[in-house]
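Let me begin by presenting the structure, written as structure tokens, before commenting on it.
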Amino acid sequence: MQISTTPEMWVVQRERRLRIPEIANAAAELTPEIGQQIKDAGLEVAGPWIFIAQNLPKDGETEFDWRICRPVAASGSAVAGLHHLPPVPVASALHEGPLAALFSDGYAPLLAKIAAAGRALTGESRDIYHDWTGPGAERQKIEIQFGLTQ
1 MQISTTPEMW
11 VVQRERRLRI
21 PEIANAAAEL
31 TPEIGQQIKD
41 AGLEVAGPWI
51 FIAQNLPKDG
61 ETEFDWRICR
71 PVAASGSAVA
81 GLHHLPPVPV
91 ASALHEGPLA
101 ALFSDGYAPL
111 LAKIAAAGRA
121 LTGESRDIYH
131 DWTGPGAERQ
141 KIEIQFGLTQ
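Right, dumping it as structure tokens:
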């Protein structure tokens, strides 16, 4: 577990209220749309895809607020439609393995370490897809971040 502060960034994003099993379809639908918006605006991609959840549930039935974001090299005043992600303190860990093990091998151990350290969560979590090779691939590189209260 690493404790750090995320960098400030500008992103193109879409929001949905959904359940965990619906994330893959929403991402497949929205990534081309975001990519086209970036291209049409003449923006430069400045980082990997980020999924942001607010109060991510522990089950697949409960709906939650979810955002898919792509960082871009621009400021909010330069292009309409950009969203600002301010710096936030986080506890993070890197998951390198199949997506199917993200919760058991990534989220669960990180949450246990956060609890053992006596840190409190804000309710926001982020998955940063540093190396995404497809949903069935054996090796993904996903950084998991949980927002921490000060």
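Residue numbers (the numbering used here): 1 to 150.
Backbone N, C-alpha and C define an ideal beta-carbon position, used for all residues, glycine too.
Note that the structure is a prediction, hence the values are computed from the model and not measured.
key: Euclidean distance between Cα positions of glutamine 37 and alanine 28   = In the sequence shown, the residue the question calls residue 37 occupies position 37. In the sequence shown, the residue the question calls residue 28 occupies position 28. The straight-line gap separating the alpha-carbon atoms of glutamine 37 and alanine 28 is approximately 15 Å.
key: Beta-carbon gap between threonine 5 and proline 87 smaller than 7 Å   = Along the sequence shown, read from residue 1 onward, the residue named residue 5 stands at position 5. Along the sequence shown, read from residue 1 onward, the residue named residue 87 stands at position 87. In this structure, proline 87 lies closer than 7 Å to threonine 5 by Cβ.
ask   = When the distance is taken between beta carbons, is tryptophan 10 closer than 7 Å to valine 72?
value = In the sequence shown, counting from the first residue as 1, residue 72 sits at position 72. In the sequence shown, counting from the first residue as 1, residue 10 sits at position 10. It is a contact, given that the beta carbons lie within the stated cut-off.
ask   = Between the Cα of isoleucine 142 and the Cα atoms of Thr62, Pro48 and Glu44, which residue gives the shortest distance?
value = Indexing the sequence shown from 1 puts residue 142 at position 142. By alpha-carbon distance to isoleucine 142, the top candidate from Thr62, Pro48 and Glu44 is Pro48.
query = Between tyrosine 107 and the rest of its own chain, which residues show a CB-CB distance below 7 Å, the 5 nearest in sequence each way excluded?
reply = The residue labelled residue 107 in the question sits at position 107 within the sequence shown. The residues are Ile144.
query = What's the call for histidine 95, buried or exposed, on a 16-neighbour Cβ count within 10 Å?
reply = Translated into positions along the sequence shown, residue 95 becomes position 95. With a 10 Å radius around the Cβ and a threshold of 16 neighbouring Cβ atoms, histidine 95 comes out buried.
query = To which residues does DSSP link aspartate 127 through a beta bridge?
reply = Mapped onto the sequence shown, residue 127 falls at position 127. According to DSSP, aspartate 127 bridges with Phe51 and Ile144.
key: Status (buried if at least 16 other CB within 10 Å, exposed otherwise) for serine 104   = Here residue 104 is taken as the residue at index 104 of the sequence shown, counted from 1. Answer is exposed; the Cβ neighbour count stays below 16.
query = So glutamate 15 is in the alpha helix (DSSP H); what residue range does that whole segment cover?
reply = By one-based count along the sequence shown, residue 15 stands at place 15. Under the DSSP assignment, glutamate 15 falls outside any alpha helix (DSSP H), being part of the beta strand (DSSP E) whose first and last residues are 9 to 18.
ask   = Where do the N-terminal and C-terminal ends of the alpha helix (DSSP H) with alanine 164 fall, by residue?
value = Beyond the ends of the chain as shown, which are 1 and 150, falls residue 164; an answer cannot be given.
key: CA-to-CA distance, glutamate 44 to arginine 139, given in whole angstroms   = For the purposes of this step, residue 139 is identified with residue 139 of the sequence shown, where counting begins at 1. For the purposes of this step, residue 44 is identified with residue 44 of the sequence shown, where counting begins at 1. One C-alpha to the other measures close to 27 Å.
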